[in-house]
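A.B. asks: Going by our numbering, the sequence shown opens with residue 1, and the numbers climb by one from there. In this text, a Cβ means the ideal position worked out from N, Cα and C, and glycines have one as well. The structure presented is a predicted model; accordingly, all values stated were derived computationally and were not measured. Below: one structure in structure tokens.
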Amino acid sequence: MERDTTRSLSKVLEEIRDCKEADRFIEEHAARCGFTAYISGKMAEKGLTTAEVRDASGISRNYFYNILNGDRKNPSRDKVIAIAVGLGLDYAETQRALALAGKAPLYPRNVRDVKIAVIINKGCCSVTKMNMMLEEQGIEPLEV
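This is the structure:
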């Protein structure tokens, strides 16, 4: 699949004048740049199977597959973080996943977000392990 640059997409967007054209643009381009495409690309890049990521994320099988195939278009922020952890994403990659999913980034003035970021920075690849670490510190675990 050819990857569109932001610049080339912006050029196309400059020429769009009506809602039907906008809808076609979104259908053709947004899905390729979105959260689902990002996590699928990261799975391929890291050589992980869907089952491995699903198991590490702690998300139920059906829900996870519904996210991957686009049936679940708005997973919760905690589920996005859980998928990022299951993928073994670093802090910057997790922030990107959150942005692509339309969720708030990990916020440096929020105690829970700071603790999550530190656990991510330690290389944690299991939501179960992350939740245990959060609970040990009296922090609300990820709701998956």
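Starting from the N-terminal side, write out each stretch of the alpha helix (DSSP H) that is 4 residues or longer and does not extend beyond the region 73-99.
C.D. replies: Fully enclosed alpha helix (DSSP H) runs of 4 or longer: 77-87.
A.B. asks: Given that a residue counts as buried once 16 or more other Cβ atoms are within 10 Å of its Cβ, and exposed if not, what is Gly-47?
C.D. replies: With fewer than 16 other Cβ atoms within 10 Å, it is exposed.
A.B. asks: So is Ile-120 buried or exposed if we call it buried at 16+ other beta carbons inside 10 Å?
C.D. replies: Label assigned to Ile-120: buried.
A.B. asks: According to DSSP, is Leu-142 helix, strand or coil?
C.D. replies: Residue state, collapsed to three classes: coil.
A.B. asks: Do three or more CB pairs link the region 47-56 to the region 91-106 at distances below 8 Å?
C.D. replies: Short answer: they don't touch.
A.B. asks: Within its chain, find whatever has a CB closer than 6 Å to the CB of Pro-75; leave out the 5 residues flanking it on each side and keep chain order.
C.D. replies: Around Pro-75: Ile-67.
A.B. asks: Taking contact to mean 3 or more Cβ pairs, one atom from each stretch, closer than 8 Å, check whether the region 73-93 and the region 116-130 are in contact.
C.D. replies: The region 73-93 vs the region 116-130: in contact.
A.B. asks: If you draw a straight line from the alpha carbon of Asn-131 to that of Pro-141, how long is it in whole angstroms?
C.D. replies: Rounded to whole angstroms, Asn-131 to Pro-141 spans 5 Å at the Cα level.
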